[in-house]
Amino acid sequence: PGPSIRFTAAPLWRSSRPVSGARGHRQGSPSAFIMGKVRKTKKFAAMKRMLGPGDARLLGNQEKNKKKEEARKAAGLKHVEQTPSNLFFKYNTSLGPPFQVLIDTNFINFAIKNKLDIVRAMMDCLLAKCVPCITDCVMAELEKLGPRFRVALRLAKDPRFERVPCAHKGTYADDCLFNRVNEHRCYVVATCDRDLKRRIRKVPGVPIMYISQRKFTIERMPEALGAPRNA
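In the working numbering, the protein residues as written are 4 to 234.
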């Protein structure tokens with residue numbers, strides 16, 4: 004018989020390949036088959052994430068955003084005043100005899116200086132019956148002026164003048180007359196004050212009576228006798 008042949012099996016750790024991912028070991032070592040734990044290094048001086056002052060998640064910023072949206076919506080809305088139904092363009096159809104004339108403080112003083120009877124001069128200007136109206140604030144202004152204007156105060160207490168009560172606070176007559184005319188456009192305003200006339204001209208359909216050349220003149224009423232010729 005021929006010579007006998009012996010087969011010897013090589014160790015498995017020599018013939019096999021190392022497992023991928025096992026770093027730090029030599030190829031072919033037995034420890035390559037053992038899965039090791041991943042070591043995590045501890046981070047030093049690590050800070051927690053904090054919200055910035057402008058972050059939208061903060062309650063204060065949410066309230067600010069709501070206020071901004073409300074202001075933006077309010078700015079988009081426009082308030083348009085409703086035109087009174089008694090106006091035909093700029094012509095006030097609610098004005099008619101007897102005319103109710105709201106008198107200012109300085110109008111009484113200028114009428115006395117020009118020696119004009121208020122009721123008669125108004126009737127000559129409008130060719131119709133006129134009812135002079137005096138508010139409580141105008142009467143209070145005349146009382147505050149003192150004894151120098153006692154003649155104007157006595158004239159304001161004439162029984163032919165109608166007394167109009169005021170519900171506001173204070174005794175400033177210009178704001179009272181302007182607000183009353185703006186709400187109820189059935190009056191004629193008699194004044195010689197430039198600032199008050201400038202304010203009332205912005206309200207359509209309200210005639211203005213003033214003194215010019217020792218007689219009463221009226222604006223915004225061209226059919227009146229006392230209206231200027233260029234009106």
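Beta carbons: idealized from backbone N, C-alpha and C, even for Gly.
- Excluding residues up to 5 positions away in sequence, ILE214, ARG217, LYS218, PHE219 lie with their Cβ nearer than 8 Å to the Cβ of LEU119 in the same chain.
- In the structure shown, CYS195 falls within a coil segment according to DSSP collapsed to helix, strand and coil.
- Here PRO135 carries a strand assignment [DSSP, helix/strand/coil].
- The alpha carbon of ALA170 has as its nearest neighbour, out of THR138, PHE164, PHE102, TYR94, the alpha carbon of THR138.
- Judged by pairs of C-beta atoms under 8 Å, the region 172-179 touches the region 191-207, as three or more such pairs exist.
- In the three-state DSSP reduction, LEU105 falls in the strand class (E or B).
- About 5 Å separates the beta carbons of PRO101 and VAL134, which is inside the 8 Å limit, making them a contact pair.
- The secondary-structure analysis by DSSP pairs TYR94 across a beta bridge with PHE91.
- Annotation: the continuous beta strand (DSSP E) that includes VAL167 extends over 165-167.
- Rounded to whole angstroms, the Cβ separation of GLY208 and LEU105 is 14 Å, and the two are not in contact under 8 Å.
- Just measuring C-alpha positions, the residue of LYS205, VAL206, CYS195 sitting nearest ILE115 is CYS195.
- A straight line joining the alpha-carbon of MET212 with that of CYS128 spans about 9 Å.
- Counting the other CB atoms within 10 Å of its CB gives MET53 a total below 16, which places it among the exposed residues.
- Across the structure, VAL191 and GLN103 are spaced so that their CA atoms are roughly 6 Å apart.
- MET126 has no beta-bridge partner at all, per DSSP.
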